[in-house]
Amino acid sequence: MSSEEGSATVGHVEKIATTPDWYAPYRISQAVRAGGFVYVSGQAGFEEDGTTVEGGFLEQGRQAFRNVGRVLEAAGLAFTDVVKVGIFVRDMATNLPHVITLRGEFLSEPYPADTLVEVVSLAQPDWQIEVEVIALDRSTARTPGS
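Under the working numbering, residues 39 to 184 are what the sequence shown spells out, in order.
Put into structure tokens, the structure is as follows:
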């Protein structure tokens with residue numbers, strides 16, 4: 039993806055998007071680059087065509103993390119750049135072990151800071167998990183003493 043496809047600069051905030059940009063109709067940026075970080079909007083377990091992945095919580099979770107990965111890639115980043123994760127789940131008691139499994143599949147040491155929140159519902163009634171991240175943009179990160 040070219041830089042023209044993946045982003046559009048607005049002041050000191052740069053919009054990051056994939057093709058297709060499934061969030062554009064809702065006036066939401068998939069991610070923005072600002073202040074040395076990339077902030078990725080919550081991603082759920084849906085395919086590029088907008089349909090929710092079947093198969094339950096783990097399959098939706100894997101797709102949500104893959105969607106996060108696509109947005110990170112559009113920003114020139116990877117999961118190793120993630121410093122903060124926010125995970126929103128329905129039915130914490132049942133799904134906490136699955137969240138731990140997903141963290142192990144997509145994240146690695148040093149594990150990012152994380153907030154895990156149980157919610158009553160998400161944007162679509164069949165969504166069970168949504169994942170947002172903040173990633174360090176190493177291309178703009180300052181080194182000590184600079």
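We put the beta carbon where it would ideally sit given N, CA and C, even for glycine.
- Taking all protein chains shown into account, do 16 or more other C-beta atoms lie within 10 angstroms of the C-beta of E86, making it buried, or fewer, making it exposed? exposed
- Quick one: what does DSSP say R128 is sitting in, helix, strand or coil? coil
- Beta-carbon separation of G83 and Q101 under 8 Å? In this structure, Q101 lies closer than 8 Å to G83 by Cβ.
- In three-state DSSP terms, what is A161? coil
- Message: List, from N- to C-terminal side, the alpha helix (DSSP H) runs of 4 residues or more that fit wholly inside the segment 71-155.
- Response: Entirely contained in the segment 71-155, the alpha helix (DSSP H) runs reaching 4 residues are, in chain order, 95-112 and 130-144.
- Coil, strand or helix - A55 by DSSP: coil
- Item | Straight-line gap, I66 to G94 (C-alpha atoms, nearest Å) | 26 Å
- By the 10 Å Cβ neighbour count, where 16 or more other Cβ atoms means buried, how is S41 classified, buried or exposed? Only weak support exists for where S41 lies, its pLDDT of 41 falling under 50; the value from the coordinates is given anyway. The residue is exposed, with fewer than 16 neighbouring Cβ atoms inside 10 Å.
- Item | L134, buried or exposed, once every other Cβ within 10 Å from all chains shown has been counted against 16 | L134 should be labelled exposed.
- Message: What does the alpha-carbon distance come out to for the pair R176 and G74?
- Response: 7 Å
- Message: So, for S79: in the same chain, excluding its five sequence neighbours on each side, which residues have a beta-carbon less than 7 Å away from its beta-carbon?
- Response: Excluding sequence neighbours, S79 sits near Y61, I66, S67, Q68, A69 and E170.
- Bridge partners of A69, per DSSP? I54 and V78
- Cβ distance (whole Å) where T90 is taken to contact W165 below 8 Å: 6 Å
- Query: First and last residue of the beta strand (DSSP E) that includes A173?
  - Reply: I167 to L174
- Give the single residue among V120, F117 and T139 whose Cα lies nearest to the Cα of Q98. T139
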